[in-house]
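Student:
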Amino acid sequence: MKFIGIIPARYASTRFPGKPLVMLGGRSVIQRVYEQASTILDETYVATDNERIFQAVEQFGGKAIMTRADHKSGTDRIEEAAEKLNTQADVIINIQGDEPFIQQSQIETLIHLFDDATTQIGTLGKRFDTMEAVMNPNSPKIVTDKNGFALYFSRSVIPYVRGKEQPEWLQDFPYLKHLGLYAYRREVLREVTQLPQSPLEKAESLEQLRWLENGYRIRVGLTDVETVGIDTPEDLQRAEAFLASRQQ
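Numbering (the numbering used here), first residue to last: 21 to 268.
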């Protein structure tokens, strides 16, 4: 099977404009993401709607493709890029442009989900370490079935552990944090980007609920690797500290 990675990257982020081009340890965030993905994937592209990002990628030797500015999600941007590339890949991997510490092992885990021919969409989850982190609505939770398929994603703390004080819940249930890394079979990517927004998606502001609500199955791989996503200037400070600790 052939796998390619596409990194959606837009300049006009609401909470952190221009974040793909901010510097982290001497390299831009988008360069770090690209280089991490390129260690394992034969083909990696940045899909962007911004000329500055396009030029920056080409300057560090990466591959970029221009896409429209009116996409509502990274998935839509990836579909446009895949169409323009006319790729023959079996699986398209959506690599978040704000995850500069994505690891080879995480991409490998995602790839191996497709060893099963029934896998339509794959993503990753990681066990939460603290109840405080579980309660953060910016960290979506995943509940899976016994076969590793997602039953639901939520910003709320699910499930509710009855009969216990909330600080004790993590001792009774292995809460799973969703990491925003996706892989789609080529035809599935084409299909899900044609679906209208769903009620659950609108309620939680989680795009993957649209796919579940329309009957698609999402297989969840597990990772124990911690990463630091960059969504705000404060996250960049945390990423700098994380990078410094790794270099030591």
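For every residue, glycine included, the Cβ atom is placed at its ideal position computed from N, Cα and C.
If you're wondering where the values come from, they're calculated on a predicted model, not measured in any experiment.
Does DSSP put L220 in a helix, a strand or coil?
Tutor: Numbered from its first residue, the sequence shown carries residue 220 at position 200. Of the three classes helix, strand and coil, the one that applies to L220 here is helix, per DSSP.
Student: Can you have a look at G183 and say buried or exposed, based on whether 16 or more other CB atoms are within 10 angstroms of its CB?
Tutor: Position 163 of the sequence shown, counted from the first residue, corresponds to residue 183. G183 should be labelled exposed.
Student: If you count every other CB in all the chains shown that lies within 10 Å of the CB of A264, and 16 or more means buried, which is it?
Tutor: Here the question's residue 264 lines up with position 244 in the sequence shown. Burial call: exposed.
Student: Buried or exposed: which applies to K161, given that a residue is buried once 16 or more other Cβ atoms fall within 10 Å of its Cβ?
Tutor: Position 141 of the sequence shown, counted from the start, is the residue given in the question as residue 161. By the neighbour-count rule (16 or more Cβ atoms within 10 Å), K161 is buried.
Student: According to DSSP, what are the bridge partners of T143?
Tutor: On the sequence shown, residue 143 is found 123 positions in, with the first residue counted as 1. T143 pairs with Y202 and V240.
Student: Per DSSP, which residues does N114 bridge with? Please list them.
Tutor: Your numbering for residue 114 matches position 94 in the sequence shown. In DSSP, N114 forms a bridge with I26 and Y202.
Student: Specify the secondary structure class of I127 as computed by DSSP and reduced to three states.
Tutor: For the purposes of this step, residue 127 is taken as residue 107 along the sequence shown, with counting starting at 1. Looking at I127 - three-state DSSP - the assignment turns out to be helix.
Student: Run through DSSP, which three-state label would I162 get?
Tutor: The count along the sequence shown starts at 1 and reaches residue 162 at position 142. Here I162 sits in strand by DSSP.
Student: Provide the residue(s) that pair with I85 in DSSP beta bridges, ordered along the chain.
Tutor: By one-based count along the sequence shown, residue 85 stands at place 65. Per DSSP, A67.
Student: Secondary structure at R266, three-state DSSP: helix, strand or coil?
Tutor: Here residue 266 is taken as the residue at index 246 of the sequence shown, counted from 1. Looking at R266 - three-state DSSP - the assignment turns out to be helix.
Student: Within a Cβ cutoff of 6 Å, which residues of the same chain sit near V154, ignoring the five residues on either side of it in sequence?
Tutor: The count along the sequence shown starts at 1 and reaches residue 154 at position 134. F148, V177 and Y195, listed in sequence order.
Student: Leaving out five residues before and five after G25 in sequence, what residues of the same chain have Cβ atoms less than 6 Å from its Cβ?
Tutor: Reading the sequence shown from its first residue, position 5 is the one you call residue 25. Within the same chain, A57, L61, T64, I113 and I115 come within 6 Å of G25 by CB-CB distance, once the 5 residues on both sides are set aside.
Student: Apart from the five residues on each side of it in sequence, which residues of its chain come closer than 8 Å, Cβ to Cβ, to S125?
Tutor: In the sequence shown, counting from the first residue as 1, residue 125 sits at position 105. Closer than 8 Å at the Cβ level, and outside the excluded window around S125, lie T243 and V245.
Student: From the DSSP output, in three-state form, read off A109 for me.
Tutor: Against the sequence shown, residue 109 aligns to sequence position 89. If DSSP states are grouped into helix, strand and coil, A109 belongs with coil.
Student: Under DSSP, the alpha helix (DSSP H) around Y54 begins and ends at which residues?
Tutor: Here residue 54 refers to the residue found at position 34 when the sequence shown is read from its first residue. From DSSP, the alpha helix (DSSP H) with Y54 extends over V49 to S58.
Student: Is the stretch 89 to 109 close to the stretch 208 to 225, with three or more CB pairs under 8 Å?
Tutor: yes
Student: From the DSSP output, which residues share a beta bridge with F80?
Tutor: Along the sequence shown, one-based indexing puts residue 80 at 60. Looking at the DSSP assignment, F80 forms no beta bridge with any residue, so it has no partner.
Student: Looking only at DSSP bridge pairs, what is S174 linked to?
Tutor: Reading the sequence shown from its first residue, position 154 is the one you call residue 174. BP columns for S174 point to K161.
Student: Note down the Cα distance separating E260 from G200, rounded to an integer number of angstroms.
Tutor: Taking the first residue of the sequence shown as position 1, residue 260 is located at position 240. Taking the first residue of the sequence shown as position 1, residue 200 is located at position 180. Cα to Cα, E260 sits roughly 21 Å from G200.
Student: Quick check on the burial criterion: 16 or more other C-beta atoms within 10 angstroms. Buried or exposed for G145?
Tutor: Your numbering for residue 145 matches position 125 in the sequence shown. When all chains shown are included, G145 counts as buried.
Student: May I ask you to report which of helix, strand or coil DSSP gives S190?
Tutor: As a first step, residue 190 must be located in the sequence shown, where it is residue number 170. Looking at the sequence provided, one finds Leu at residue 190 rather than Ser. Correct three-state label for L190: helix.
Student: Report the residue from Q267, A223 and K39 whose alpha carbon sits nearest the alpha carbon of D118.
Tutor: The residue given as residue 118 occupies position 98 in the sequence shown. Nearest of Q267, A223 and K39 to D118, Cα basis: K39.
Student: Can at least three beta-carbon pairs, one atom from the stretch 35 to 53 and one from the stretch 76 to 84, be found at a separation below 8 Å?
Tutor: Segments in contact, yes.
Student: Near V163, which residues of its chain fall below 7 Å by C-beta distance, leaving aside the five closest residues on each side in sequence?
Tutor: Here residue 163 refers to the residue found at position 143 of the sequence shown. Taken in chain order, the residues that qualify are L171, Y172, I178 and P179.
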